[in-house]
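Residue 58 in numbering that gives the first Met the number 0 sits at position 59 of the sequence shown, and the numbers go up by one each step. Here the structure is laid out as structure tokens; the discussion comes afterwards.
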Amino acid sequence: MKVAVLEVRYAGGLELSDHVVIQTSSRLVLSPRVSAFLGILEKTERLITMRVNVNGVIYRIERKPGGEYVVGAKLSLCERWLSRLRLFEAPTEAQRRLNGRFAHLLSAWALVGAGYLVYATKTWDVRVIIETVLLCVTSLTLFVVGHICFSDVYKPGR
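Below you can see the structure in the form of structure tokens.
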């Protein structure tokens, strides 16, 4: 038997971490508290990853039909990096708001850039017109993206 750290991540941004015991048959022994949490969250949240860290090595967790959890295959380096990138898929509300602020900031700077381009251009040609239009379109697009990030109605994956 080994003691390991169980890491469970859900789409809503919830991350659970607890110590579990791995039996010699690769079956996980969860505490009653964690079992109750997983049972409740299984009904309401979308599970992203469930893995166990044993002495610095990360393994997948597989759920068997009887409701028991078994240690699966070792995660490859590519899968570990992809799991970190998936955190961008389901940002928390605070992260969404920060992303919205950043998008609004970039939108304002694109509009300032378009205004400066109009003000500073002495001879107009097709290139300057295209750059000005693209900066205005970029500004509008970033403004809309920022607005979606601030919206409490829009929740991705729900």
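Every residue gets a Cβ at the ideal spot worked out from N, C-alpha and C, and that includes glycine.
- CA-CA distance, F87 to I129, rounds to 32 Å.
- With a cutoff of 9 Å on beta-carbon distance, R62 and V70 are scored as not near each other.
- Here E92 carries a helix assignment [DSSP, helix/strand/coil].
- Going by beta carbons, V20 and V2 fall inside the 9 Å limit.
- Per DSSP, reduced to three states, the secondary structure at S150 is coil, with no helix or strand assignment.
- From the listed residues T137, W80, C148, G12, the smallest Cα separation to E44 is found for G12.
- For the pair E6 and N52, the CB atoms are nearer than the 9 Å cut-off.
- Counting along the chain, no beta strand (DSSP E) covers S34; the unbroken alpha helix (DSSP H) around it starts and ends at 31 to 43.
- Distance from the CA of L97 to the CA of L139, rounded to the nearest whole angstrom, comes to 18 Å.
- One Cα belongs to A72, the other to L29, and the distance between them is close to 19 Å.
- Across the set D124, G114, T131, F101, the C-alpha of F101 shows the shortest separation from the C-alpha of V143.
- Judged by beta-carbon spacing, E78 lies beyond the 9 Å limit of L27, meaning their Cβ atoms are not closer than that value.
- H103 and K121 have their C-alpha atoms some 29 Å from each other.
- The three-state secondary structure of N52, taken from DSSP, is strand.
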